[in-house]
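Below is one structure; the comments refer to it alone.
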Amino acid sequence: MRILRFLLRKEYLQIFRDHFMVAQMLLLPCIQLAILANAATFEVKGARLVVVDEDRTSSSRGLIDRFVASRRFELVPSPISTRGADDAMLRREAGAILRIPTAFERDLVRARAAQVQLVLNAEDGAAAGVMLGYAQRIIADYAGELATTLPGVSASMAVTRVGQPTLDVRTRGWYNPELDYRFYMVPGILVQLVTMVGTFLTALNIVREKELGTLEQLNVTPVTRGQFIAAKLIPLWSLGLLGLAIGLAVARYAFHVPIRGSVLLVFGTASVYLLAALSVGLLVSTMVETQQQAMFVTFFIVLVYLLMSGLFTPVRSMPTWAQWIAQANPTMHYMEIMRGIMLRGAGLREIARHLAVLAVCAAAVFTLSVRQYAKRVA
Amino acid sequence: MTARGAGAAIEAEGLSRHFGAVKALDDVSFDVRPGELFGFIGPDGAGKTTLFRILTTLQRPDAGSARVLGLDVVKDFWAIRTRVGYMPGRFSLYADLSVEENLRFFASVFGTTLEQGAKLIAPIYEQIAPFKDRRAGALSGGMKQKLALCCALVHTPELLLLDEPTTGVDAVSRREFWDLLEKLRASGLTIVASTPYMDEASRCERVALIQRGKILEIADPRRIGERFDRPLIAVRARERMRLLEALRAHPGAGSVFPFGDVVHYTDARPGGDARAIADAVRQDLAARGIADAEVEIVSPGIEDVFMALMQRRGAEAA
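Residue numbers (the working numbering), protein chains in the order written: chain R, 1 to 378; chain U, 1001 to 1318.
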């Protein structure tokens, strides 16, 4: 116990003496949140729209006006022909083409339904989906408007047939009523932050002692492996929690992201998750000889963890095999837990399943890495 | 220490260790007496580091056994660690901790304090004390090495193991370092050091010549020359390449190798008369057009013995 205390003192001394490290610990959460929360958004603002208006009636102009007024789309000075519009799309001058055919107003009046064509650049599928959503809402709204102004036009163009009852769907986004993407992203970014601090710092810290040869020096002392591992993991564990605390404060006060659940639960679950993250770092350190290798391997692992965690794409939309793998990914469970606690205000009961899996993951990786460490050093 | 009396400080019996197909150590046996300054000399890759790692319990032998301070290196490794000081070749300190912090840290992990270890390290520590608040990373090579030595001694070990302690250190610091070791030995500490440098080996009481995992010879370095069984001739000439060629072509040439700014020559036949051989060499060189050759009879040093032993082994192996 006495030896562990001395080892811990040395670790903390080294951590706080490293000004770069301290600065990084304080600034990383702020910068990451600032950049990612704003950059990693699915919102599409000012998509460039080319309109090919072949109808040139008040009805067609009305539709165009609604698109412009929505502020979701930005009108590109229109080329007249369809081909001109296609070229604009190819040159990336436009992200969407709205084509209103010649008989638009006439069909509206006579057939009570009309068609418009919307062409989207779907290189970025997610963005195209979002644009489609915006466009559909604008068109539906306009249709509703026309129904009252233009006699005999059905409530929604090309969707509902005349005489059929219209379903009135009113959406309400629970837990995030304004559908603010930042609310969704920030907890995920905090998870990513804790993951990075936990794995990278652990792997690099231990491998550095290996590189320097101080590990060998410690191995001829009466320091046990248990003491050594504890002395390495405890400071980095506390550092991970400190990073999370800073991140949470920034999220709460700079981004006004709600923390609806218990803060204590946030830190409690983070402690469990950190054990898994630190153990991965320890495991990496047993496999490699240099800090460069450690960096590369850790980066690879963390990237897979994050991609399979639901940070950017929901796990449910992954193929089945990937969903199975994701089930074994502690980052995925912790991501669910963090979003649950922060946005839905989930309590211990609601996150119990994820927490249980997380605890099992952490225990498994920890056991594996400690055994691996013992084997390598023997 | 000497108080241990009859028991040897180290007894090694048939130590072997393989790394894949490479035999790092091949049936090595030796013993070190308490209070002795014992040296291992041999080229890189001779197996010195593996031997030290076994003695410091960092590695296990594949075969054979070793007792350090009467303790078995495999079974009693835990007890050995507190009683042995080890300074690896690439001595390792925490560069971001100060001199004093490094010392206190290593003292604390051995369950002792800097003050308790002060007596043994005093002669060394006083040399680095003026820099005690400086980060270890900012010390010169010689200073780092002294700090590493202090760290290895701070828990007052009974046996000090040094694996090539002076690699990468300038000549002056090397000499100072060996002066320190002699002082430590005088205080009763048993010291085992390895080195690739012949001049360092000659400061030991006994040296073991080690090559390709085998000990060729263990002897007193001052006496080791006596084991050289043929006269040794040193030849000096301006054109060394031509001199080497000419000597190798000399009838009856045994070994010819450059040694500093001279070339050492021995006859292939043992027991010849030194003066006769020297005269023959001088005449032959003159005949071969090397007029400025200075031929001299010298007494052999460790290097000569080592070269001769290596050559003999090579011949046996062939």
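Cβ coordinates follow ideal geometry from the N, Cα and C atoms, glycine included.
When you compare each of U:Ala1024, U:Gly1047, U:Met1143 and U:Phe1131 to glycine 1166 of chain U by their alpha carbons, which one comes out closest?
Locating residue 1166 of chain U in the second sequence gives position 166, counting from the first residue. This sequence places threonine at residue 1166 of chain U; glycine is not what is there. For threonine 1166 of chain U, the nearest C-alpha among the options comes from U:Met1143.
Does chain U have any CB closer than 7 Å to the CB of phenylalanine 300 of chain R?
Against the first sequence, residue 300 of chain R aligns to sequence position 300. When Cβ-Cβ separations below 7 Å define contact, phenylalanine 300 of chain R makes no contact with chain U.
Rounded to whole angstroms, what is the Cα-Cα separation between glutamine 1325 of chain U and tyrosine 1197 of chain U?
The question about residue 1325 of chain U has no answer, for chain U in this structure spans 1001 to 1318.
Starting from the beta carbon of leucine 7 of chain R, find every residue of chain U whose beta carbon is closer than 9 Å, and list them in chain order.
Translated into the one-based positions of the first sequence, residue 7 of chain R becomes position 7. Result: Phe1105, Ser1108 and Val1109.
In chain R, which residues lie with their C-beta within 8 Å of the C-beta of tyrosine 1197 of chain U?
Taking the first residue of the second sequence as position 1, residue 1197 of chain U is located at position 197. Chain R residues near tyrosine 1197 of chain U: none, gap ~21 Å exceeds 8 Å.
Valine 220 of chain R: contacting residues in chain U (beta-carbon distance under 8 Å)
Numbered from its first residue, the first sequence carries residue 220 of chain R at position 220. In chain order: Thr1056, Thr1057, Leu1058, Arg1081, Val1084 and Tyr1086.
Contact residues within the stretch 222-233 of chain R, judged by C-beta distance below 8 Å to chain U:
Taking 8 Å as the Cβ-Cβ cut-off, the stretch 222-233 of chain R approaches chain U at Pro222 and Val223, given in chain order.
One question on the structure: do aspartate 1212 of chain U and phenylalanine 1038 of chain U come within less than 7 Å of each other, judged by their Cβ atoms?
Locating residue 1212 of chain U in the second sequence gives position 212, counting from the first residue. Locating residue 1038 of chain U in the second sequence gives position 38, counting from the first residue. At residue 1212 of chain U the sequence reads arginine, which differs from the aspartate that was named. Not in contact: arginine 1212 of chain U and phenylalanine 1038 of chain U (Cβ atoms no closer than 7 Å).
Let me confirm a value: valine 1295 of chain U is counted as buried when at least 16 other C-beta atoms fall within 10 Å, else exposed. Which label applies?
Within the second sequence, residue 1295 of chain U is the residue found at index 295, counting from 1. With 16 or more other Cβ atoms within 10 Å, it is buried.
Straight-line gap, glutamine 164 of chain R to aspartate 107 of chain R (C-alpha atoms, nearest Å):
Counting from one through the first sequence, the residue named residue 164 of chain R turns up at place 164. Counting from one through the first sequence, the residue named residue 107 of chain R turns up at place 107. For glutamine 164 of chain R, the predicted structure reports a pLDDT of 40, less than 50, and the residue's modelled location is therefore unreliable. The matter cannot be settled from this model.
Cβ shell of alanine 1046 of chain U (< 6 Å), same chain only, five flanking positions each side left out
Counted from its first residue, the second sequence places residue 1046 of chain U at position 46. Its chain contains Ile1210 and Gln1211 as the residues whose beta carbon lies nearer than 6 Å to that of alanine 1046 of chain U, once the 5 sequence neighbours on both sides are disregarded; these appear in chain order.
I'd like the list of long-range same chain contacts for arginine 1004 of chain U, defined as Cβ closer than 7 Å, with 5 residues on each side in sequence excluded.
Here residue 1004 of chain U refers to the residue found at position 4 when the second sequence is read from its first residue. Caution is warranted here: a pLDDT of 42 is assigned to arginine 1004 of chain U, below 50, making its placement in the model unreliable, and the coordinate value is therefore given only provisionally. For arginine 1004 of chain U, where only same-chain residues beyond five positions count, the Cβ hits under 7 Å are Pro1034.
With phenylalanine 73 of chain R as the anchor, note down where its beta strand (DSSP E) starts and where it stops.
As a first step, residue 73 of chain R is located in the first sequence; it is residue number 73 there, counting from the start. Per DSSP, phenylalanine 73 of chain R belongs to the beta strand (DSSP E) from 73-75.
Which residues share a DSSP beta bridge with isoleucine 1233 of chain U?
The residue labelled residue 1233 of chain U in the question sits at position 233 within the second sequence. Answer is U:Tyr1265 and U:Ile1297.
Beta-carbon proximity list for alanine 158 of chain R, same chain, < 6 Å, skipping 5 on both sides:
Against the first sequence, residue 158 of chain R aligns to sequence position 158. Its pLDDT being 44, under 50, alanine 158 of chain R is placed unreliably by the model, and the measurement read from it follows with that caveat. Cβ neighbours of alanine 158 of chain R within its own chain (closer than 6 Å, five residues either side excluded): Ala113 and Gln115.
Consult DSSP for alanine 107 of chain R and reduce its assignment to one of helix, strand or coil.
Indexing the first sequence from 1 puts residue 107 of chain R at position 107. Note that residue 107 of chain R is aspartate in the sequence shown here, rather than alanine. If DSSP states are grouped into helix, strand and coil, aspartate 107 of chain R belongs with the helices.
Nearest to serine 1108 of chain U by alpha carbon, out of U:Gly1070, U:Pro1130, U:Arg1067 and U:Ala1152?
As a first step, residue 1108 of chain U is located in the second sequence; it is residue number 108 there, counting from the start. Measuring from the Cα of serine 1108 of chain U, the nearest candidate turns out to be U:Ala1152.
In this structure, does DSSP put histidine 1250 of chain U in helix, strand or coil?
Your numbering for residue 1250 of chain U matches position 250 in the second sequence. When DSSP states are grouped into helix, strand and coil, histidine 1250 of chain U belongs to the coil group.
Coarse secondary structure for aspartate 1319 of chain U, derived from DSSP in three states:
Beyond the ends of chain U as shown, which are 1001 and 1318, falls residue 1319 of chain U; an answer cannot be given.
Start and end residues, alpha helix (DSSP H) containing methionine 287 of chain R:
As a first step, residue 287 of chain R is located in the first sequence; it is residue number 287 there, counting from the start. Here the alpha helix (DSSP H) through methionine 287 of chain R covers 263-287.
Is the Cβ-Cβ distance between leucine 1232 of chain U and valine 1298 of chain U less than 7 Å?
Translated into the one-based positions of the second sequence, residue 1232 of chain U becomes position 232. Translated into the one-based positions of the second sequence, residue 1298 of chain U becomes position 298. With contacts defined by Cβ atoms closer than 7 Å, leucine 1232 of chain U and valine 1298 of chain U form a contacting pair.
Would you grab the beta carbon distance between valine 266 of chain R and leucine 248 of chain R for me? Rounded to a whole angstrom, and I think it's under 8 Å.
In the first sequence, the residue the question calls residue 266 of chain R occupies position 266. In the first sequence, the residue the question calls residue 248 of chain R occupies position 248. Contact between valine 266 of chain R and leucine 248 of chain R is confirmed by a C-beta separation of about 7 Å, below the 8 Å threshold.
Apply the 10 Å Cβ neighbour rule to arginine 1017 of chain U and answer buried if 16 or more other Cβ atoms are within range, or exposed otherwise.
In the second sequence, counting from the first residue as 1, residue 1017 of chain U sits at position 17. Answer is buried; the Cβ neighbour count reaches 16.
Separation of leucine 244 of chain R from tyrosine 305 of chain R, as counted between CA atoms
For the purposes of this step, residue 305 of chain R is taken as residue 305 along the first sequence, with counting starting at 1. For the purposes of this step, residue 244 of chain R is taken as residue 244 along the first sequence, with counting starting at 1. Distance between the alpha carbons of tyrosine 305 of chain R and leucine 244 of chain R is about 18 Å.
Counting only beta-carbon atoms, is alanine 374 of chain R nearer than 7 Å to chain U?
Position 374 of the first sequence, counted from the start, is the residue given in the question as residue 374 of chain R. It does not; no Cβ of chain U falls within 7 Å.
Tell me which same chain residues have a C-beta within less than 8 Å of the C-beta of valine 1172 of chain U, skipping the five on either side of it?
Along the second sequence, read from residue 1 onward, the residue named residue 1172 of chain U stands at position 172. Taken in chain order, the residues that qualify are Gly1142.
Just mark methionine 1 of chain R as buried or exposed, buried being the case when its beta carbon has 16 or more other beta carbons within 10 Å.
Here residue 1 of chain R is taken as the residue at index 1 of the first sequence, counted from 1. Result: exposed.
Are at least three pairs of beta-carbons, each pair with one atom in the stretch 1018-1025 of chain U and one in the stretch 1065-1079 of chain U, less than 8 Å apart?
Contact between the stretch 1018-1025 of chain U and the stretch 1065-1079 of chain U is absent, because fewer than three Cβ pairs lie under 8 Å.
Assuming tyrosine 1094 of chain U contacts valine 220 of chain R under a Cβ cut-off of 8 Å, what Cβ separation, rounded to an integer in Å, is found between them?
The residue given as residue 1094 of chain U occupies position 94 in the second sequence. The residue given as residue 220 of chain R occupies position 220 in the first sequence. Cβ atoms of tyrosine 1094 of chain U and valine 220 of chain R stay farther apart than 8 Å, at about 16 Å.
Can you give the beta carbon distance from alanine 1066 of chain U to valine 1032 of chain U, rounded, assuming they're within the 8 Å contact cut?
The sequence position of residue 1066 of chain U within the second sequence is 66, counting from 1. The sequence position of residue 1032 of chain U within the second sequence is 32, counting from 1. At roughly 11 Å, the Cβ-Cβ gap does not stay under 8 Å, so alanine 1066 of chain U and valine 1032 of chain U are not in contact.
Give the C-beta separation of alanine 1136 of chain U and leucine 1097 of chain U to the nearest angstrom, bearing in mind that I take them to be a contact with Cβ-Cβ under 8 Å.
Reading the second sequence from its first residue, position 136 is the one you call residue 1136 of chain U. Reading the second sequence from its first residue, position 97 is the one you call residue 1097 of chain U. That pair is a contact at about 6 Å.
Does arginine 1090 of chain U come within less than 7 Å of chain R when only Cβ atoms are used?
Residue numbering aside, residue 1090 of chain U sits at position 90 when the second sequence is read from its first letter. For arginine 1090 of chain U, the closest Cβ of chain R is nearer than 7 Å.
Check whether the Cβ atoms of alanine 1246 of chain U and arginine 1282 of chain U sit closer than 7 Å, and answer yes or no.
Along the second sequence, one-based indexing puts residue 1246 of chain U at 246. Along the second sequence, one-based indexing puts residue 1282 of chain U at 282. For alanine 1246 of chain U and arginine 1282 of chain U, no; Cβs fall outside 7 Å.
Starting from tryptophan 1178 of chain U, find everything on chain R with Cβ-Cβ shorter than 8 Å and list it in chain order.
For this step, residue 1178 of chain U is matched to residue 178 along the second sequence. None at all; the shortest Cβ gap to chain R is about 22 Å.
If valine 284 of chain R and alanine 294 of chain R are in contact, beta carbons under 8 Å, what's the gap, nearest whole angstrom?
The residue labelled residue 284 of chain R in the question sits at position 284 within the first sequence. The residue labelled residue 294 of chain R in the question sits at position 294 within the first sequence. So it is a contact: roughly 6 Å between Cβ atoms.
Of the choices U:Arg1238, U:Arg1081, U:Glu1164 and U:Arg1230, whose alpha-carbon is the least far from that of phenylalanine 1110 of chain U?
Sequence index remark: in the second sequence, residue 1110 of chain U carries index 110 (1-based). Of U:Arg1238, U:Arg1081, U:Glu1164 and U:Arg1230, the residue nearest in Cα terms is U:Arg1081.
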